[in-house]
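Add 15 to the 1-based position in the sequence shown for this note's numbering, that's all there is to it. Just so it is clear, CB atoms sit at the ideal spot from N, CA and C, and this is done for glycine as well. Note that this is a predicted model, so its numbers are computed, not measured.
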Amino acid sequence: MFVVTGATGNVGSELVRLLAAAGEQVTAVSRRPAPLPGGARHSAGDLGDPAGLKAAFEGAGALFLLVAGDEPRAVLEAAAAGGVRRVVLLSSQGAGTRPGLYGHPVAFEEAVRESGLEWTILRPGGFASNAFAWAEPIRAHRTAAAPFADVALPVIDPADIAEVASVVLREDGHAGRTYVLTGPGPVSPRERAAVIGEAVGAEVRFVEQSREEARAQMLGFMPEQAVEGTLAILGTPTEEERRVSPDVERLLGRAPRTFADWAARNAVAFR
Ligand SMILES: NC(=O)c1ccc[n+]([C@@H]2O[C@H](COP(=O)([O-])OP(=O)(O)OC[C@H]3O[C@@H](n4cnc5c(N)ncnc54)[C@H](OP(=O)(O)O)[C@@H]3O)[C@@H](O)[C@H]2O)c1
Numbered sequence: 016m017f018v019v020t021g022a023t024g025n026v027g028s029e030l031v032r033l034l035a036a037a038g039e040q041v042t043a044v045s046r047r048p049a050p051l052p053g054g055a056r057h058s059a060g061d062l063g064d065p066a067g068l069k070a071a072f073e074g075a076g077a078l079f080l081l082v083a084g085d086e087p088r089a090v091l092e093a094a095a096a097g098g099v100r101r102v103v104l105l106s107s108q109g110a111g112t113r114p115g116l117y118g119h120p121v122a123f124e125e126a127v128r129e130s131g132l133e134w135t136i137l138r139p140g141g142f143a144s145n146a147f148a149w150a151e152p153i154r155a156h157r158t159a160a161a162p163f164a165d166v167a168l169p170v171i172d173p174a175d176i177a178e179v180a181s182v183v184l185r186e187d188g189h190a191g192r193t194y195v196l197t198g199p200g201p202v203s204p205r206e207r208a209a210v211i212g213e214a215v216g217a218e219v220r221f222v223e224q225s226r227e228e229a230r231a232q233m234l235g236f237m238p239e240q241a242v243e244g245t246l247a248i249l250g251t252p253t254e255e256e257r258r259v260s261p262d263v264e265r266l267l268g269r270a271p272r273t274f275a276d277w278a279a280r281n282a283v284a285f286r
């Protein structure tokens, strides 16, 4: 049985669907109720409360773990006590490229490596689904605002992260590996807004925010260190952060999905 945390999220919801479709037993963990496919069961749980996850881990063999809460070691101990032998961690590319600004994922990575479980770490770059932040302004007035308008990065479709997770959770041969996950090519925020415009059949006006405007907005829903790390990658990416990683193609045997593909599948959110 597979335990998927973050089951209401962009990656977790798709991973639950993929595992269930493959005929696997899945326990979907989240604080909010998650819409589930047949074959999956929901277990309400908070990664900030490891003791409360005991029931979810009972009889599990593998765990998809999200960086949330502050007690990764206690979560991993509870998982091992329930029977988990394999853990796949959804970390961030920044844990490798800017460890000083990504303390939370770095701490989770260390806990996973030292857990005694068979581990695999996924380090995705920025998600295509971050464009959902534009859904309301695009629906309301066909406008999308972001900083660093022309800094292009190879954003990844969360459906590809879920597919990679499904492979490494189910297959042998990925123990002790860290995979960097990106999309197939760099796309700037201005280009992403235009691509969404094409998907909805209407022109989307792009408004470039200052770094300070973006920072103030992000502080409304992200911790300060995460905001600084994200702004550093968005504004002044390193060579490595700009580069397309070969790992998605190696693991899935096909190129990663494009941003246009993500926008076409999610166009309804922007209409
Ligand atoms: N977005 C990016 O560009 C990006 C880039 C690199 C890495 N990541 C990592 O990928 C993960 C997902 O990011 P996302 O942007 O796709 O977010 P998302 O779809 O909004 O997913 C967040 C998920 O986290 C769950 N969650 C949050 N706090 C929790 C807690 N204390 N206990 C249990 N579940 C909790 C939420 O479930 P409930 O609220 O229902 O509990 C939700 O399912 C994040 O951990 C992030 O660090 C994101």
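Query	Result
Helix, strand or coil at P120 according to DSSP, with G and I counted as helix	helix
Host alpha helix (DSSP H) of I171 (start-end)	Careful: I171 lies outside any alpha helix (DSSP H) and carries neither H nor E.
Cβ-based burial, D172 [other Cβ within 10 Å; buried from 16]	buried
Where the alpha helix (DSSP H) containing W134 begins and where it ends	Looking at the DSSP string, W134 is not in any alpha helix (DSSP H); the run it does join, the beta strand (DSSP E), is E133 to P139.
Selected residue, minimal CA-CA separation from A160, among E264, V166 and P152	P152
Distance, L91 Cα to K69 Cα	11 Å
Proximity test, D61 beta-carbon vs ligand 1 heavy atom, cut-off 7 Å	yes
Span separating the alpha-carbon of V44 from that of A122	21 Å
Chain-order list of residues whose beta-carbon lies under 7 Å from that of A247 (same chain, five-residue window excluded)	R113 and L116
Which of helix, strand or coil DSSP assigns to R101	strand
Distance cut-off 7 Å: G141 Cβ against heavy atoms of ligand 1	yes
Per-residue DSSP class, three states only, for L196	strand
Rounded separation between Q224 and A148 - CA only	14 Å
Terminal residues of the alpha helix (DSSP H) in which F72 lies	K69 to F72
Backbone secondary structure at F163 - three-state DSSP	coil
Test item: CB-CB of L168 and G141 under 8 Å	yes
Residue span of the alpha helix (DSSP H) that contains V242, given as start and end	E239 to G250
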